[in-house]
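Colleague:
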Amino acid sequence: MNGLEGFFKSNDLAVCVKDWFIWVTEEPKALFEKQENFWIIELVRCVAADSFGVEIEQKSFEGIRDHLANADLVSVAYGHGEIYGFASVRILSDFDIFFLHGVAIAKKFQSRGVGLKLISALLNRRRLGKIALTTQNPAMFCLTRKMTSIVYPSPEDKIVPLVVRPIGISLMKNRRGVFVQNTFIQEGLYSQCLYPVIPESNDDEVNSWFRESLKIENGITRNGFLFIGEFKEM
163 MNGLEGFFKS NDLAVCVKDW FIWVTEEPKA LFEKQENFWI IELVRCVAAD
213 SFGVEIEQKS FEGIRDHLAN ADLVSVAYGH GEIYGFASVR ILSDFDIFFL
263 HGVAIAKKFQ SRGVGLKLIS ALLNRRRLGK IALTTQNPAM FCLTRKMTSI
313 VYPSPEDKIV PLVVRPIGIS LMKNRRGVFV QNTFIQEGLY SQCLYPVIPE
363 SNDDEVNSWF RESLKIENGI TRNGFLFIGE FKEM
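According to the working numbering, the stretch in the sequence shown is residues 163 to 396, in order.
(1) What do you reckon, are the CB atoms on Leu305 and Ile245 nearer than 9 Å?
(2) Is the beta carbon of Ser213 sitting closer than 9 Å to the one on Val236?
(3) Quick one: complete beta strand (DSSP E) runs, 3+ long, within the stretch 294-335?
(4) Assess contact between the stretch 251-268 and the stretch 277-294, defined as three or more Cβ pairs (one per stretch) separated by less than 8 Å. Is contact present?
(5) Is it the case that the stretch 366-373 contacts the stretch 330-349, given that we only count it when at least three CB pairs across the two stretches are under 8 Å?
(6) Alpha carbon to alpha carbon, what distance is there between Phe261 and Phe248?
(7) Taking DSSP's pairing of strands, which residues face Ile112 in a bridge?
(8) Does DSSP classify Glu204 as helix, strand or coil?
(9) Leaving aside the five residues before and after Gly350 along the sequence, list all residues of the same chain whose C-beta is less than 7 Å from its C-beta, in chain order.
(10) My output table needs one value for Val216: the three-state DSSP class, helix, strand or coil.
(11) Using a Cβ-Cβ cutoff of less than 7 Å, which residues in the same chain neighbour Lys377 once the five nearest sequence positions on both sides are dropped?
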């Protein structure tokens, strides 16, 4: 058993998925604030940089530690001595919402259902009615749509219903930029684009909607979407 597998198996239960594993912890703060575990954060940092297509220097250690330690639940996919990806959520009980705090999948493991399994593993620990996230990535919208019965907004319903808007306003309070209530677009959400070039999904309609709505030019933008989806009944 190598150090990676030993860490995950000694700190919580890991579930086998084909020939790889998903590990979940309900105590991420206790684990990832220990200096002895910083090497795991560094491995996740490498995965995050690869996932976003940037140099590792653009993904700070403190930023990745925040996504791991300052969450309520964290899942990590691993196998064959390497980390495939991670997901972390904050539980917002007042809104019955899983807020996706961070997610990254190494490029060679993308389009293999890893992201869906990571989030599903978190749902198995704590079932809530909704999921929310901010993103510039069309593939993240498509992933959210797979898990939910309805997502606000969407290419079919670009205008967010009045009843949903107060939740969006609360979630985006104190975030960078200006929140547009009827479209759930946060103008200037990021200090710089998260990607060298924003990736595309396999859905041309979704890609076009992102380009137009977020005002993507030359593959980049500082704007982002907030999405709120209602989970499918299990």
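Idealized CB from N, CA, C, for every residue including glycine.
This one's a predicted model, so the numbers in the text were calculated from it and none came from an experiment.
Modeller: According to the structure data:
(1) no
(2) no
(3) 310-314
(4) yes
(5) no
(6) 15 Å
(7) In the structure as shown, the chain starts at 163 and stops at 396, and residue 112 therefore has no counterpart that could be examined.
(8) helix
(9) Arg338, Gly339, Val340, Arg384, Asn385
(10) coil
(11) Thr383, Asn385
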